[in-house]
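A quick write-up on the structure given underneath.
In the numbering used here, the protein residues as written are 2 to 578.
Now the structure itself:
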């Protein structure tokens, strides 16, 4: 008869079988049995300095690798501190499994010390969640959690484990299969609908590919490239999808939406067919939905049936894995008996000519000054150094938009950002998670002076593990995006946005045992960034940029996507006397 082992040992066995070799967490009273087992195990546990950052770091790991990220926290405040990270992963479809401790089963509901209804609190913050009430259910539950997190539309799954379940003794029963009758994932796509999509594409005069994070989740970047090349279709790629099509690819236009390019947004408003791949017609892309892409038929491919028709009703809905659907669509297009006629060919050439003209009229280009560092100049230098190959983890705000506009990503899983939830404080811990997963890769954390101060505690994690993350603070002395909105839409009534105190980064970094530097002159910027990259360990740069620069283009909330403010107001010339 097999030896009895504890629930904590069973949990670790499950994690090993799922291929987990690194997890991010913070211990507490009810998780001590679990940590006691970790003490002599090969799984690497990274002690973060706040549980929210454990979730963000697990996301950085998952986003940069495609594997399930793992985080853990104790009961009560430990579990509730995970919630923002879980919602963040939910909004961006990132596979994460969170293990939380819970008070013993007999105490649940008694307002015991550090008790919170983690199961109830996280119901809407996760793709699925579990409260393990019997030791016999533990191993099955953990393996189901990993399966649900990674399959279909990825997302976070939480497993709440009471202390007595960790401590209980039982026989470990390996799980050989997952059977979830109520959980169906449609992967193949309907053959007839795919054929209709191919037909619409052959007939379209002004087609446009609209690709998003679903391409990256489905590992379909190579297929996307084949598709746009075979059909010679221009493509816009969302904030979440950057890198799905190389920025250097001739068919890539740019990111669309609120801060997308003029060319991308005008392409939406003038195309006659949108092939939407792994996207959800988010409000930051569409602007006023009733005015979005008024002339276009829509083919919408997504693995989540809830997204089909949620915002824009498609002419051809296809529920399926975008990898499988693109594979079959490409096969149909290659086997088509005829190519588009000369009329359509001429129209397609005119379409490309128009798109190139839009790009020429209003390009996304950096702005330079000899007297002060422009934020765009900073992004251009990071782009030059990274060459489209570095991992760039962004926080949330103006710097996020400038980075998305101006930094190239020639592969998927290089651009990490909080797209759906817009969580300040994401950038630094996510970079940390990505660096753990990719120890030999150059990783930038681009953060604002606001978001950075939400994640300063993780400098200790970075220092104690010697992570060579290059932390670039774009410091404009404001909550920049909020200031921009107050300036543009609230009559310049600035309230609660000035960040009038910021630490001396040389002293701050030095206190943790690594280097920091202040950069406030344009001539210093390139040498300082190059020195930071050469440094074998972490490096903290405080780059002081123009205080009141705004991100353009911008589409005001509720405006049509082609109603763009392309630049700052120009002074009205005074007529000569």
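Even for Gly, the Cβ is constructed at its ideal location relative to N, Cα and C.
Model, not experiment: these values are computed from the prediction.
Does the separation of the CB atoms of residue i and residue j fall below 7 Å?
| i | j | result |
| --- | --- | --- |
| residue 54 | residue 430 | yes |
| residue 473 | residue 457 | no |
| residue 157 | residue 91 | yes |
| residue 154 | residue 94 | yes |
| residue 511 | residue 475 | no |
| residue 376 | residue 546 | yes |
| residue 379 | residue 483 | no |
| residue 65 | residue 348 | no |
| residue 210 | residue 229 | yes |
| residue 464 | residue 428 | no |
| residue 562 | residue 293 | yes |
| residue 87 | residue 32 | no |
| residue 129 | residue 263 | no |
| residue 76 | residue 104 | yes |
| residue 195 | residue 329 | yes |
| residue 309 | residue 322 | no |
| residue 411 | residue 389 | yes |
| residue 423 | residue 467 | no |
| residue 560 | residue 288 | yes |
| residue 38 | residue 13 | yes |
| residue 302 | residue 278 | yes |
| residue 420 | residue 231 | no |
Please go through the same chain and pick out, in chain order, the residues whose beta-carbon is closer than 7 Å to the beta-carbon of residue i, but skip the five residues on each side of it.
| i | result |
| --- | --- |
| residue 145 | 179, 181 |
| residue 568 | 553 |
| residue 50 | 458, 459, 461, 462 |
| residue 245 | 212, 216, 217, 222, 225, 238, 413 |
| residue 59 | 25, 70, 71, 72, 97, 434 |
| residue 495 | 484, 487 |
| residue 297 | 272, 273, 274, 275 |
| residue 63 | 69, 70, 95, 96, 97 |
| residue 152 | 186 |
| residue 355 | none |
| residue 243 | 256, 405, 410, 416 |
| residue 583 | As displayed, the chain neither begins before 2 nor continues past 578, which places residue 583 out of reach and without an answer. |
Tell me residue i's beta-bridge partners as DSSP assigns them.
| i | result |
| --- | --- |
| residue 100 | 73, 160 |
| residue 131 | 160 |
| residue 1 | The question about residue 1 has no answer here: the residues shown for the chain are numbered 2 through 578. |
| residue 498 | Paired residue(s): none; residue 498 is not in a bridge. |
| residue 27 | 74 |
| residue 394 | 417, 446 |
| residue 555 | 566 |
| residue 185 | Bridge partners of residue 185: none, in fact. |
| residue 118 | Looking at the DSSP assignment, residue 118 forms no beta bridge with any residue, so it has no partner. |
| residue 561 | 288 |
| residue 303 | 320 |
| residue 7 | 170 |
| residue 508 | Paired residue(s): none; residue 508 is not in a bridge. |
Can you list, in chain order, the residues of its chain with a C-beta nearer than 6 Å to that of residue i? Leave out the 5 residues immediately preceding and following it.
| i | result |
| --- | --- |
| residue 52 | 27, 74, 79, 82, 83 |
| residue 507 | 517 |
| residue 325 | 188, 189 |
| residue 2 | In this prediction, residue 2 scores a pLDDT of 44, lower than 50, which makes its location untrustworthy; the coordinate-derived value is nonetheless stated afterwards. Taken in chain order, the list of residues that qualify is empty. |
| residue 455 | 425, 426 |
| residue 358 | none |
| residue 306 | 320 |
| residue 57 | 86, 427, 430, 431 |
| residue 453 | 474 |
For residue i, collect the residues of the same chain with a Cβ closer than 8 Å to its Cβ; drop the 5 residues on either side in sequence, then sort them by chain order.
| i | result |
| --- | --- |
| residue 290 | 282, 284, 312, 313 |
| residue 135 | 166 |
| residue 16 | 24, 44, 71, 143 |
| residue 384 | 407, 408, 409 |
| residue 34 | 7, 8, 9, 164, 167, 168 |
| residue 531 | 386 |
If residue i and residue j are in contact, beta carbons under 8 Å, what's the gap, nearest whole angstrom?
| i | j | result |
| --- | --- | --- |
| residue 199 | residue 337 | 7 Å |
| residue 162 | residue 100 | 7 Å |
| residue 8 | residue 115 | Their Cβ separation, rounded to whole angstroms, is 19 Å, which puts residue 8 and residue 115 out of contact at 8 Å. |
| residue 522 | residue 470 | With a Cβ gap of about 24 Å, residue 522 and residue 470 do not count as contacting. |
| residue 268 | residue 235 | 6 Å |
| residue 533 | residue 542 | 6 Å |
| residue 139 | residue 208 | In fact, because the Cβ distance is near 51 Å, the residues do not count as touching under 8 Å. |
| residue 480 | residue 509 | Not really, about 20 Å apart at Cβ, beyond 8 Å. |
| residue 386 | residue 415 | Actually they are not in contact, since the Cβ atoms of residue 386 and residue 415 sit about 14 Å apart, beyond 8 Å. |
Return yes when the C-beta of residue i is under 6 Å from any heavy atom of the ligand ATP, and no when it is not.
| i | result |
| --- | --- |
| residue 82 | For the ligand ATP, the structure offers nothing, since it holds no ligand at all. |
Minimum length 4: unbroken alpha helix (DSSP H) runs contained in the region 429-478: 450-455, 459-465
Every unbroken alpha helix (DSSP H) inside the region 37-92 [4 residues or more]: Runs of the alpha helix (DSSP H) inside the region 37-92: 52-66, 78-81.
In chain order, each alpha helix (DSSP H) run of at least 4 residues that lies wholly inside the region 314-390: 323-336, 343-362, 376-387
Every unbroken beta strand (DSSP E) inside the region 249-291 [3 residues or more]: 274-278
Uninterrupted beta strand (DSSP E) stretches inside the region 190-226 (no shorter than 3 residues): 208-212
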